[in-house]
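*Asks:* Sequence lines, in order, name chains A and B.
In this text, residue positions in the first sequence follow the numbering used here: the first is 1, and each later residue adds one.
In this text, residue positions in the second sequence follow the numbering used here: the first is 345, and each later residue adds one.
Backbone N, C-alpha and C fix where the C-beta goes; we use that ideal spot for every residue, glycine too.
None of the values given here were measured: they were computed from a predicted structure.
Handing you this structure, nothing more for now.
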Amino acid sequence: MSPATLLIIGIIILSAFAFVIWPDRGILARWKKIRVDSKRVFIEDALKHLYDCEYKNTVCTLNGIANFLGISNEKASRLANLLLEMKLVNILENSIQLTAEGRSYALRVIRIHRLWERYLADQTSLGSTEWHKEAELKEHSLSESQVNELAAQLGNPLNDPHGDPIPSEELQMPEKRGEPISALKNGEFATIIHLEDEPKEIYAQLVAEGLYPGMQIRMLDQNALRVIFEADGEETVLAPVFAANITVIPIKEKENIQESFHTLSSLKKGESAVVAGISNAMRGLQRRRLFDFGLVPGTKITAMMDSFGGDPIAYEIRSSIIALRKNQTDFIYVKDVERRSKNV
Amino acid sequence: MNRLINNSKDLILASANKMRWEIGESLHDSIIEAIYKDAEKIASRVVIKDQAKPKFDWDSTIDRLVTSRVLGLPIMVLLLSVVFYITIVGANYPSDLIADVLIGKIYPWLKSTAAALSVPSWISGVSIDGAYLAMAWVVSVMLPPMAIFFPMFTLLEDFGYLPRVAFNLDGIYKKVGAHGKQALTMSMGFGCNAAGVIAARIIDSPRERLIAIITNNFSLCNGRWPTQILIATIFIGGAVPAYLAGVVSAASVVFIAVLGIAFSFLVSWGLSKTILRGEASTFSLELPPYRPPRILQTLYTSLIDRTIFVLRRAVIFALPAGVVIWLVANVKIDGISIAEYFIDSVNPFAFLLGLNGVILLAYVIAIPANEIVIPTVLMLTVLVAKLHGIGAGAGVMFQTDSISDTASVLQTGGWTLLTGINLMLFSLLHNPCSTTIYTIYKETKSIKWAIVSTLLPILLGFIVTFFVAQIWRLFVN
Chain A
1 MSPATLLIIG IIILSAFAFV IWPDRGILAR WKKIRVDSKR VFIEDALKHL
51 YDCEYKNTVC TLNGIANFLG ISNEKASRLA NLLLEMKLVN ILENSIQLTA
101 EGRSYALRVI RIHRLWERYL ADQTSLGSTE WHKEAELKEH SLSESQVNEL
151 AAQLGNPLND PHGDPIPSEE LQMPEKRGEP ISALKNGEFA TIIHLEDEPK
201 EIYAQLVAEG LYPGMQIRML DQNALRVIFE ADGEETVLAP VFAANITVIP
251 IKEKENIQES FHTLSSLKKG ESAVVAGISN AMRGLQRRRL FDFGLVPGTK
301 ITAMMDSFGG DPIAYEIRSS IIALRKNQTD FIYVKDVERR SKNV
Chain B
345 MNRLINNSKD LILASANKMR WEIGESLHDS IIEAIYKDAE KIASRVVIKD
395 QAKPKFDWDS TIDRLVTSRV LGLPIMVLLL SVVFYITIVG ANYPSDLIAD
445 VLIGKIYPWL KSTAAALSVP SWISGVSIDG AYLAMAWVVS VMLPPMAIFF
495 PMFTLLEDFG YLPRVAFNLD GIYKKVGAHG KQALTMSMGF GCNAAGVIAA
545 RIIDSPRERL IAIITNNFSL CNGRWPTQIL IATIFIGGAV PAYLAGVVSA
595 ASVVFIAVLG IAFSFLVSWG LSKTILRGEA STFSLELPPY RPPRILQTLY
645 TSLIDRTIFV LRRAVIFALP AGVVIWLVAN VKIDGISIAE YFIDSVNPFA
695 FLLGLNGVIL LAYVIAIPAN EIVIPTVLML TVLVAKLHGI GAGAGVMFQT
745 DSISDTASVL QTGGWTLLTG INLMLFSLLH NPCSTTIYTI YKETKSIKWA
795 IVSTLLPILL GFIVTFFVAQ IWRLFVN
């Protein structure tokens, strides 16, 4: 064979190979997704949706299920009948309600989903926009004993990384807390307790804005076109559709309100400050590592020197010198910044 | 009664659960904060700090120098170049000395003793020409560079300079999803990949550590530099006018080393985006204060922990491999050795890669150490081409007295400029030696990662040499 022919064959084989193993879109990745039992997936997803309606106190209809699962009304009604046969739901005139059995089934699935999200957030380096996607696949495949083992390994966490409570082993849930961000009056302070992760486009936008559960905000202004609030000292503007996916609790006591905090990354070479807190977005191993260095609220920290590209920057913490990357220092808050310069 | 107890147990559990929700998850943080506060209070009472500051702060002066934008990079390149230069030049003399004793004196003595005791020739072949010679070769070419490189590297580490290199270069490594300390394990890999893999222990984040381990093989190790230099001198130096030969062949070796660095970045990026995407990842880098290196202790630990350790593993693998090398050349079926059968059957595939069967077989049987690839290639070439009067017989690795002799052996074997170029590429992009593979298994405790680290570079090597060969034949011939 001539080199030209071989060259073409080589390119074809290489692209075919890439086509098979490409992450997310390759044949291998697709095949993994298909392998999950689709009937079970539909049942469990429908139950999850019904539970969600119940938790939010809204009415759940056949249309709602069809929309949520992305299937036709006809298919949704067949699914509802199947659920009825399995004694998981009661079908009333214009709403569908969970039976006690259906509710505990739904809670079991939700428990797996949220625990798995928590696991991904704490113990892997997957990005926040991928947790939900991965958990959607995983929730249909873990056994009960595996789930309890996972929960124990994670220290029986209370909330998933979006701020949603994780049902306990006895499938208990706390009462729903908080209110939508739009309920805040101008000038009022609040803590974000939850970011809704469905639909994922909106969630991705909220994450891109740097919002996370546990973050303190201050409502500045809202009208029909936009919601403006202050988050960690920065003004954030969102469309009401986006803001509707944020749940907050207003802060009543004055002393809990964080004032004029800066991020550690804003500290310039030679400047010192006192650590005020570490954001909840810094979790798992990362967070523990910072604690290991003695980086806790109240610790004095000084920016010492920068590397070639300006990232990472070395800081003096408890008389040792530690280099931190910008994606860490953005999530560490400091106060009492001393604008004095060392070693001049 | 029992019911009452059960009831109150449930009540207690339920209220405990409720309280957990109410207290929330910041509890752990508060506990750690309180521990630090107490520790601080105790320390402030019992520890007396020397308030007077020294007149001249050495640490920050050195730090300002080595992390400065103007001087930082030149200082780093200069220091590392000096280390490599001393290693390569300094290793020659002890290497010759050891080879002179182990191969020049002891080997003929063993042979003549075996002959005097009328030991059957196959026994002395397997044990002396095979096992002993492979072991002797590995020791003589591996020991001196390691014994020079590791202590120097450890001294720099001990002094506190190397963490600053990691700090300076971290920005680049962050872009490919790796840790700045990979700069150190990579440099260590230029000495020896097995040592580089062990050095990856300094990276405490699981994902970044795996990346550093898997990509370490792209650092051209000590065992491959001589191959690169020899082949570049013969084929690339031979293809250009004589007055340019030295410069061009040196540049081509440097090019291969830089290509290896480029591959290590590329593969790091690819790994962090694909199979290692979900592994846990954190960043931390402590910059310890500078301190005078403890020279004696460093010498001792680097000799015991690194040199002897790696050498011992290499010798353990070299012995059986030496036996295999001798056997494939000497076990004959219908008068044709196993080696020739293998070479004939893989020749068509090797041709696609611009290589030949001899090279592929040499890379399979010389797996214990890259250092014995060229001696094996020479032995096999002589065997296949049925050359007489060169070498020391079937299955006995040898080196020629001069580069031109090596060149003439290889040219008789049908080697072209393309073979030379692709051997240089394949020498960079092929499986790690067995010592390194075993070390990867030991360090990761995972057969999976050992296999990935073995197959990934071979696959890359096949792809790169294949395309180079086709494009070469299309445009040059």
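What's the call for K519 of chain B, buried or exposed, on a 16-neighbour Cβ count within 10 Å?
*Replies:* By 1-based counting over the second sequence, the position of residue 519 of chain B is 175. Exposed.
*Asks:* How about T299 of chain A and Y315 of chain A: do their beta carbons lie closer than 8 angstroms?
*Replies:* Residue numbering aside, residue 299 of chain A sits at position 299 when the first sequence is read from its first letter. Residue numbering aside, residue 315 of chain A sits at position 315 when the first sequence is read from its first letter. Result no, Cβ atoms of T299 of chain A and Y315 of chain A do not sit closer than 8 angstroms.
*Asks:* So which residues on chain B does A4 of chain A lean against when the C-beta distance must stay under 7 angstroms?
*Replies:* Looking up residue 4 of chain A in the first sequence gives position 4. Simply L818.
*Asks:* Could you round the C-beta distance between N156 of chain A and P213 of chain A to whole angstroms and report it? I think they count as a contact, below 8 angstroms.
*Replies:* In the first sequence, residue 156 of chain A corresponds to position 156, counting from 1. In the first sequence, residue 213 of chain A corresponds to position 213, counting from 1. At roughly 18 angstroms, the Cβ-Cβ gap does not stay under 8 angstroms, so N156 of chain A and P213 of chain A are not in contact.
*Asks:* Quick one: what does DSSP say F229 of chain A is sitting in, helix, strand or coil?
*Replies:* Here residue 229 of chain A corresponds to residue number 229 of the first sequence, with the count starting at 1. Reduced to three states, the DSSP call for F229 of chain A is strand.
*Asks:* Quick one: any contact between the segment 420-438 of chain B and the segment 487-500 of chain B, if contact means 3 or more CB pairs under 8 angstroms?
*Replies:* Flag = yes, the segment 420-438 of chain B and the segment 487-500 of chain B touch.
*Asks:* Can you confirm whether M219 of chain A, when its beta carbon is compared against all beta carbons of chain B, has any partner nearer than 8 angstroms?
*Replies:* If you number the first sequence from 1, residue 219 of chain A lands on position 219. It does not; no Cβ of chain B falls within 8 angstroms.
*Asks:* Alpha carbon to alpha carbon, what distance is there between K48 of chain A and W31 of chain A?
*Replies:* Counting from 1 along the first sequence, the entry for residue 31 of chain A is found at position 31. Counting from 1 along the first sequence, the entry for residue 48 of chain A is found at position 48. Roughly 25 angstroms between the two C-alpha positions.
*Asks:* Any heavy atom of the ligand NAP inside 7 angstroms of the beta-carbon of G214 of chain A?
*Replies:* Absent from the structure shown: the ligand NAP. Ligands present: none.
*Asks:* Can you confirm whether I322 of chain A, when its beta carbon is compared against all beta carbons of chain B, has any partner nearer than 8 angstroms?
*Replies:* Position 322 of the first sequence, counted from the start, is the residue given in the question as residue 322 of chain A. With 8 angstroms as the cut-off, I322 of chain A counts as an interface residue toward chain B.
*Asks:* Distance, Cα to Cα, P240 of chain A vs Q222 of chain A?
*Replies:* In the first sequence, the residue the question calls residue 240 of chain A occupies position 240. In the first sequence, the residue the question calls residue 222 of chain A occupies position 222. So the alpha carbons of these two residues sit roughly 8 angstroms apart.
*Asks:* Compare the Cα-Cα distances from L663 of chain B to each of B:L631, B:A475, B:E623, B:A543 and report the closest residue.
*Replies:* Residue 663 of chain B sits at position 319 when you count from the first residue of the second sequence. For L663 of chain B, the nearest C-alpha among the options comes from B:A475.
*Asks:* I'd like to check one pair, L264 of chain A with T191 of chain A: are the Cβ atoms closer than 8 angstroms?
*Replies:* For the purposes of this step, residue 191 of chain A is taken as residue 191 along the first sequence, with counting starting at 1. For the purposes of this step, residue 264 of chain A is taken as residue 264 along the first sequence, with counting starting at 1. No, they are not a contact pair.
*Asks:* Tell me the residue span of the alpha helix (DSSP H) that contains P250 of chain A.
*Replies:* As a working note, residue 250 of chain A is residue 250 in the first sequence. Not the alpha helix (DSSP H): P250 of chain A falls in the beta strand (DSSP E), residues 246-250.
*Asks:* Got a sec? Which residues, its chain only, sit under 7 angstroms from T763 of chain B by beta carbon, not counting five neighbours each side?
*Replies:* On the second sequence, residue 763 of chain B is found 419 positions in, with the first residue counted as 1. These residues qualify, in order along the chain: G698, L699, N700.
*Asks:* Can you list, in chain order, the residues of its chain whose CB lies under 7 angstroms from that of N592 of chain B, leaving out five sequence neighbours each side?
*Replies:* In the second sequence, residue 592 of chain B corresponds to position 248, counting from 1. In the sequence under discussion, the amino acid at residue 592 of chain B is Val, which differs from the Asn named in the question. These residues qualify, in order along the chain: I580, G581, V584.
*Asks:* Do the segment 635-644 of chain B and the segment 545-558 of chain B meet, that is, are 3 or more Cβ pairs less than 8 angstroms apart?
*Replies:* Verdict: no, contact absent.
*Asks:* May I ask you to list the residues that DSSP assigns as paired with P632 of chain B?
*Replies:* Here the question's residue 632 of chain B lines up with position 288 in the second sequence. According to DSSP, which records beta bridges pairwise, P632 of chain B is partnered with nothing at all.
*Asks:* Can you tell me where the beta strand (DSSP E) with M723 of chain B in it begins and where it stops?
*Replies:* As a working note, residue 723 of chain B is residue 379 in the second sequence. Run containing M723 of chain B: none in the beta strand (DSSP E); it sits in the alpha helix (DSSP H), 717-729.
*Asks:* Quick one: list the residues of chain A neighbouring S625 of chain B, beta-carbon separation under 7 angstroms, in chain order.
*Replies:* As a first step, residue 625 of chain B must be located in the second sequence, where it is residue number 281. Near S625 of chain B (Cβ distances below 7 angstroms), the residues of chain A are S125.
*Asks:* Against chain B, does L7 of chain A count as a neighbour if the rule is that its beta carbon must be under 8 angstroms from one of theirs?
*Replies:* One-based indexing of the first sequence puts residue 7 of chain A at position 7. Chain B, which has a Cβ nearer than 8 angstroms to the Cβ of L7 of chain A, makes this yes.
*Asks:* How about N567 of chain B and E715 of chain B: do their beta carbons lie closer than 8 angstroms?
*Replies:* Position 223 of the second sequence, counted from the start, is the residue given in the question as residue 567 of chain B. Position 371 of the second sequence, counted from the start, is the residue given in the question as residue 715 of chain B. Looking at the sequence shown, residue 567 of chain B is not Asn but Gly. It is a contact, given that the beta carbons lie within the stated cut-off.
*Asks:* Taking Cβ positions only, does G416 of chain B come closer than 8 angstroms to chain A?
*Replies:* Taking the second sequence and counting its residues from 1, one reaches residue 416 of chain B at position 72. Output row for G416 of chain B: interface = yes.
*Asks:* Name, please, each residue of chain B whose Cβ falls closer than 8 angstroms to the Cβ of R325 of chain A.
*Replies:* Counting from one through the first sequence, the residue named residue 325 of chain A turns up at place 325. Here the neighbours are D514, K518, F627.
*Asks:* Between R78 of chain A and chain B, is there a C-beta pair that is closer than 8 angstroms?
*Replies:* Sequence index remark: in the first sequence, residue 78 of chain A carries index 78 (1-based). Output row for R78 of chain A: interface = no.
*Asks:* Quick one: list the residues of chain B neighbouring L14 of chain A, beta-carbon separation under 8 angstroms, in chain order.
*Replies:* Position 14 of the first sequence, counted from the start, is the residue given in the question as residue 14 of chain A. Within 8 angstroms Cβ-Cβ: I807.
*Asks:* What does R289 of chain A reach in chain B if we use C-beta pairs closer than 9 angstroms?
*Replies:* Residue mapping note: residue 289 of chain A aligns to position 289 of the first sequence, counting from 1. Correct list: D548, S549, T626, F627, S628.
*Asks:* Which whole-angstrom value is the C-beta distance of R287 of chain A and A121 of chain A, which I expect to be below 8 angstroms?
*Replies:* Your numbering for residue 287 of chain A matches position 287 in the first sequence. Your numbering for residue 121 of chain A matches position 121 in the first sequence. So it is not a contact: roughly 11 angstroms between Cβ atoms.
*Asks:* Check whether the Cβ atoms of I96 of chain A and K138 of chain A lie closer than 8 angstroms to each other.
*Replies:* Translated into the one-based positions of the first sequence, residue 96 of chain A becomes position 96. Translated into the one-based positions of the first sequence, residue 138 of chain A becomes position 138. Cβ distance not < 8 angstroms, so I96 of chain A and K138 of chain A don't count as in contact.
*Asks:* By alpha-carbon positions, which one of B:A706, B:A713, B:A665 ends up nearest to A683 of chain B?
*Replies:* Here the question's residue 683 of chain B lines up with position 339 in the second sequence. Checked all of B:A706, B:A713, B:A665; the closest Cα to A683 of chain B is B:A706.
*Asks:* Would you report the Cα separation of V344 of chain A and S412 of chain B, rounded to the nearest angstrom?
*Replies:* Here the question's residue 344 of chain A lines up with position 344 in the first sequence. Here the question's residue 412 of chain B lines up with position 68 in the second sequence. In this predicted model, V344 of chain A has a pLDDT of only 39, less than 50, meaning its place in the structure is not dependable; the value taken from the coordinates is given anyway. Those two C-alpha atoms are separated by around 16 angstroms.
*Asks:* Look up P180 of chain A in the DSSP assignment and say whether it is helix, strand or coil.
*Replies:* Along the first sequence, read from residue 1 onward, the residue named residue 180 of chain A stands at position 180. Strand.
*Asks:* Considering only residues of the segment 5-73 of chain A, which uninterrupted alpha helix (DSSP H) runs meet the minimum length of 4 residues and lie entirely inside it, listed in chain order?
*Replies:* For the segment 5-73 of chain A, whole alpha helix (DSSP H) runs of length 4 or above, ordered along the chain, are 27-35, 38-56, 62-69.
*Asks:* Name the DSSP bridge partner or partners of D311 of chain A?
*Replies:* In the first sequence, the residue the question calls residue 311 of chain A occupies position 311. In DSSP, D311 of chain A forms no bridge with anything.
*Asks:* Give the residues of chain B in contact with Q286 of chain A, contact being defined as C-beta atoms less than 7 angstroms apart.
*Replies:* Position 286 of the first sequence, counting from 1, holds the residue named residue 286 of chain A. Near Q286 of chain A (Cβ distances below 7 angstroms), the residues of chain B are T626.
*Asks:* Output yes if chain D places a C-beta closer than 8 angstroms to the C-beta of V296 of chain A; else output no.
*Replies:* Looking for chain D here will not work: the only protein chains present are A and B.
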